[in-house]
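Number of protein chains: 2
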Amino acid sequence: MLKFGTRIKRERVGVNMENEIKVVLFGVGPLGVAIAKAMLERKGMKIVGAVDTAKDVVGKDLGKILEINNTLGVTVTDDVLGSLSKIKANVAIIATKSSVEGIYPELTMCIKSGINVVSTCEELSYPYYKQPQLSAEIDELAKKHGVVVLGTGINPGYLMDALPITLTGPCLRVDSIRVTRMMDSSKRRIPFQKKIGTGLAPEQFEKNIREKVITGHVGLVESIAHIAAALGWTLDSIVEFPPEPVIAKKETTTPYTTVKPGCVAGLKSLAHGIKGGKPVIVLEFIANALVEEEYDAISIEGIPNVNQKIIGGVHGDVGTVAVVLNMIPKVLNAAPGLATMKDLPLPSALNEDLRVYLRSYSS
Amino acid sequence: MLKFGTRIKRERVGVNMENEIKVVLFGVGPLGVAIAKAMLERKGMKIVGAVDTAKDVVGKDLGKILEINNTLGVTVTDDVLGSLSKIKANVAIIATKSSVEGIYPELTMCIKSGINVVSTCEELSYPYYKQPQLSAEIDELAKKHGVVVLGTGINPGYLMDALPITLTGPCLRVDSIRVTRMMDSSKRRIPFQKKIGTGLAPEQFEKNIREKVITGHVGLVESIAHIAAALGWTLDSIVEFPPEPVIAKKETTTPYTTVKPGCVAGLKSLAHGIKGGKPVIVLEFIANALVEEEYDAISIEGIPNVNQKIIGGVHGDVGTVAVVLNMIPKVLNAAPGLATMKDLPLPSALNEDLRVYLRSYSS
Chain A
14 MLKFGTRIKR ERVGVNMENE IKVVLFGVGP LGVAIAKAML ERKGMKIVGA VDTAKDVVGK
74 DLGKILEINN TLGVTVTDDV LGSLSKIKAN VAIIATKSSV EGIYPELTMC IKSGINVVST
134 CEELSYPYYK QPQLSAEIDE LAKKHGVVVL GTGINPGYLM DALPITLTGP CLRVDSIRVT
194 RMMDSSKRRI PFQKKIGTGL APEQFEKNIR EKVITGHVGL VESIAHIAAA LGWTLDSIVE
254 FPPEPVIAKK ETTTPYTTVK PGCVAGLKSL AHGIKGGKPV IVLEFIANAL VEEEYDAISI
314 EGIPNVNQKI IGGVHGDVGT VAVVLNMIPK VLNAAPGLAT MKDLPLPSAL NEDLRVYLRS
374 YSS
Chain B
14 MLKFGTRIKR ERVGVNMENE IKVVLFGVGP LGVAIAKAML ERKGMKIVGA VDTAKDVVGK
74 DLGKILEINN TLGVTVTDDV LGSLSKIKAN VAIIATKSSV EGIYPELTMC IKSGINVVST
134 CEELSYPYYK QPQLSAEIDE LAKKHGVVVL GTGINPGYLM DALPITLTGP CLRVDSIRVT
194 RMMDSSKRRI PFQKKIGTGL APEQFEKNIR EKVITGHVGL VESIAHIAAA LGWTLDSIVE
254 FPPEPVIAKK ETTTPYTTVK PGCVAGLKSL AHGIKGGKPV IVLEFIANAL VEEEYDAISI
314 EGIPNVNQKI IGGVHGDVGT VAVVLNMIPK VLNAAPGLAT MKDLPLPSAL NEDLRVYLRS
374 YSS
């Protein structure tokens with residue numbers, strides 16, 4: 014986003030923070046609900062609006078949907094424009110769809126309303142590769158309205174892009190990067206286990222792949238393009254392989270189902286960034302019910318080599334909520350435009366009282 | 014550095030990059046030499062000046078000091094002002110002293126000459142805690158002259174601050190952080206082994222500690238203050254323990270000396286950041302000749318826990334050169350003032366041809 018020779022002048026241009034960050038939430042599915050609950054546990058962050066199209070939530074108080082004891086005085090609405098015209102929000106969190114096209118209407122409405130956007134839309138984490146034209150439009154619109162747009166989350170957004178990029182920091186040279194996320198799917202939510210084909214016979218799994226019922230991890234292409242951009246690499250191509258089933262050799266039972274030998278215990282998602290005819294960026298996401306040791310590993314070949322492991326891995330659901338909230342202050346302080354994680358300051362955990370940041374601001 | 018409510022306006026204010034980054038190097042000791050050699054291996058970076066006070070280097074061509082076959086047409090000088098008035102540099106790399114006061118003269122001269130500064134001065138990596146007044150002055154001066162000042166390196170600057178900060182990114186809550194750097198000192202340069210008291214009898218080691226001949230790792234206090242600032246923590250205090258000897262139980266020989274049983278094999282540096290009466294940030298740097306497994310480990314207790322390890326650790330000398338050079342583009346694109354690693358975008362390895370960044374700039 015920023016390039017050599019662009020000197021930034023710091024100038025306050027009318028951002029009125031008052032004493033808390035006002036957030037409008039798009040999407041009150043499981044992820045939106047988790048994000049909202051985490052926001053309620055913080056001082057200095059306030060939910061001022063909630064938008065969703067699902068008929069069973071529209072018209073309800075958000076407090077009811079979060080299943081907390083209070084009402085919040087925020088009614089879920091499907092009227093985006095009406096909502097944005099009534100509330101004064103600093104940032105919108107969009108936790109709805111995985112594609113840029115899918116979120117484009119509400120994204121642009123937020124931008125035109127002068128609201129910064131943080132979204133879990135996987136394609137938005139690094140959209141320049143697959144949608145250069147749309148990316149340029151979003152960037153220009155965001156700059157015009159003086160707001161920042163960021164796609165992020167635990168993956169894509171951190172584990173397979175921001176963190177490996179950061180681990181190249183002590184390298185004089187990088188030749189290749191391999192990132193492996195090894196996850197025990199038996200511990201994950203039941204919809205996730207179902208989504209990866211747990212318990213299916215191999216033929217049914219392959220049928221579901223062909224019919225795109227099973228899609229594997231979304232975001233590997235974006236993460237590869239993101240890493241390449243950070244390193245200044247022009248890739249020949251990015252190859253995303255169809256998800257591969259992990260076949261159980263022995264029976265195993267999860268809270269979702271029992272997996273019989275010869276049946277699918279989970280899947281492996283794999284993608285390559287190719288340069289000079291060789292895979293220089295290899296991202297693999299392995300989620301199955303037979304994993305013995307969970308981990309997130311990043312292996313960099315270069316000068317020097319860096320072999321890093323997060324023992325036990327990082328929990329995906331908690332991590333996504335955390336990264337989204339933790340990036341809000343970085344977004345609020347960034348230069349307008351379409352940002353990606355590589356452009357923003359180091360991610361870091363928020364103090365539970367955001368007003369500590371505001372106190373230093375006002376002094 | 015940046016605070017909520019400060020919207021940045023991006024505006025080009027006269028930075029003329031031409032087609033390469035021009036660097037003036039302060040300090041042609043082992044570190045400066047290593048930095049210079051790495052710069053020569055890159056396209057798009059040019060050394061335009063070299064400053065040192067040591068009589069055996071002043072007046073010599075830098076190429077001779079680097080022991081390469083060419084002369085570089087850069088004569089080492091001890092005349093700072095004269096040098097800065099003649100050359101047009103975009104960035105100065107200051108690799109001389111560990112204290113802010115020690116580098117203050119050349120630092121301020123560079124700033125007033127409109128030159129950005131990246132320095133390995135350990136105290137500069139996060140100077141706000143120990144020298145708040147001096148920090149405020151440097152920040153104001155840098156803003157006035159439209160340049161950025163950054164202290165960095167592998168440690169402090171990355172391993173025990175920037176990287177642990179980044180690893181809190183997926184955390185909803187952080188309760189405590191422990192960073193351990195375990196280094197086999199027998200593989201390090203002889204001056205380093207000597208500096209940590211390798212081979213000494215314990216009494217001589219303690220005497221050298223009292224007389225400050227042995228000082229242990231410089232930067233733990235800065236790293237703790239840096240992490241606390243990133244997390245919005247106000248610490249009760251930062252406690253730096255005197256270096257502790259690591260006593261050999263069995264004999265071992267290094268390229269420097271033979272360590273007899275009962276003698277010093279190396280040392281452990283330890284510091285605590287105290288909050289609510291308890292150590293919430295614990296940094297330990299252990300360097301000795303009996304280490305069997307080198308590693309850099311970061312352990313975060315919170316929601317979730319994050320247990321990370323770089324197997325084999327990161328080589329200090331290579332890492333410092335890399336972090337310094339890799340941060341140059343981030344510094345050139347940052348808002349003027351005194352920056353620290355937490356304020357800047359993710360560190361990342363440079364493409365060996367920096368002009369790939371410039372090409373996208375000019376298109």
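Note that the protein sequences, when read in sequence, are chains A and B.
The numbering of the first sequence is our numbering, which starts it at 14 and goes up by one.
The numbering of the second sequence is our numbering, which starts it at 14 and goes up by one.
Built from N, CA and C at the ideal position, the CB exists for glycine as well.
Fair warning: this is a prediction, and the values are worked out from it, not measured in the lab.
Query	Result
Given B:G57 as reference, the closest of B:N301, B:I151, B:A300, B:N32 once Cα atoms are compared	B:N32
Minimum C-alpha distance to B:M195 - residue among B:L120, B:L147, B:A47, B:A302	B:A302
Interface flag, B:V319 vs chain A, CB-CB below 8 Å	yes
In chain order, each alpha helix (DSSP H) run of at least 4 residues that lies wholly inside the segment 84 to 172 of chain A	93 to 99, 113 to 125, 145 to 157
Cross-chain neighbours of B:P183 in chain A, by beta carbon under 7 Å	I167, Y171, V327, G332, A335, V336
Test item: CB-CB of B:Y282 and B:H230 under 8 Å	It should be pointed out that residue 282 of chain B corresponds to Ser in this sequence rather than to Tyr. In contact: B:S282 and B:H230 (Cβ atoms closer than 8 Å).
As assigned by DSSP and simplified to three states, the class of B:F218	helix
Backbone CA spacing between A:I151 and A:A243 [nearest angstrom]	20 Å
DSSP-derived helix/strand/coil call for B:K56	strand
Reference B:S138; option with closest CA among B:L345, B:I240, B:I34, B:G275	B:I240
Anticipated Cβ contact below 8 Å, A:I316 with B:V331, distance rounded	6 Å
Neighbourhood of B:S112 by C-beta, 6 Å cutoff - its chain only, sequence neighbours within 5 removed	E136
Three-state secondary structure assigned by DSSP to B:G45	helix
Proximal residues of chain B, C-beta to C-beta of A:R186 below 8 Å	A362, E365
Closer than 8 Å to chain A by CB, B:D381	No information on residue 381 of chain B is available, as it lies outside the stretch 14 to 376 that chain B covers here.
Cross-chain neighbours of B:A125 in chain A, by beta carbon under 7 Å	The question names Ala, yet the displayed sequence has Lys at residue 125 of chain B. Residues of chain A passing the Cβ test: none, with the nearest at roughly 17 Å.
Assigned secondary structure, A:T267 (DSSP; H/G/I helix, E/B strand, else coil)	coil
Under 7 Å from the C-beta of B:I323: neighbouring residues of chain A	V319, N320, Q321
Between the CA atoms of A:G210 and A:P204 - distance to the nearest angstrom	10 Å
Under 8 Å between C-beta atoms of B:C123 and B:A105	yes
Residues that DSSP places opposite A:Q321 in a beta bridge	A:I311, B:I323
According to DSSP, residues forming a beta bridge with A:G279	A:V259, A:N301
Boundaries (first-last residue) of the alpha helix (DSSP H) holding B:F205	203 to 208
Start and end residues, beta strand (DSSP E) containing A:V70	First-last for A:V70: undefined, no H or E at that position.
CB of A:I34 within 8 Å of CB of A:A49, strictly	no
B:M354: first and last residue of the uninterrupted beta strand (DSSP E) it sits in	Element bounds for B:M354: n/a, residue is neither H nor E.
Residues near A:D366 in its chain [Cβ-Cβ closer than 8 Å; skip 5 each side]	R55, K56, G57
8 Å Cβ cutoff, A:T84 in contact with chain B	no
Among A:L363, A:N364, A:D356, A:A362, the one whose alpha carbon lies nearest that of A:G164	A:D356
Buried/exposed call for B:E153, threshold 16 Cβ in 10 Å	exposed
Segment limits, alpha helix (DSSP H) that includes A:L38	No alpha helix (DSSP H) holds A:L38; the beta strand (DSSP E) holding it covers 34 to 39.
Residue environment, B:G212, which counts as buried when at least 16 other CB atoms sit within 10 Å	buried
Validate contact between the segment 218 to 232 of chain B and the segment 334 to 349 of chain B using beta carbons, cut 8 Å, 3 pairs	no
Closest residue to A:T109 among A:F39, A:E305, A:R223, A:A348 (Cα-Cα distance)	A:F39
CB of A:D174 within 8 Å of CB of A:V304, strictly	no
Cutoff 7 Å; reference A:I324; Cβ partners in own chain excluding five residues on either side	Y308
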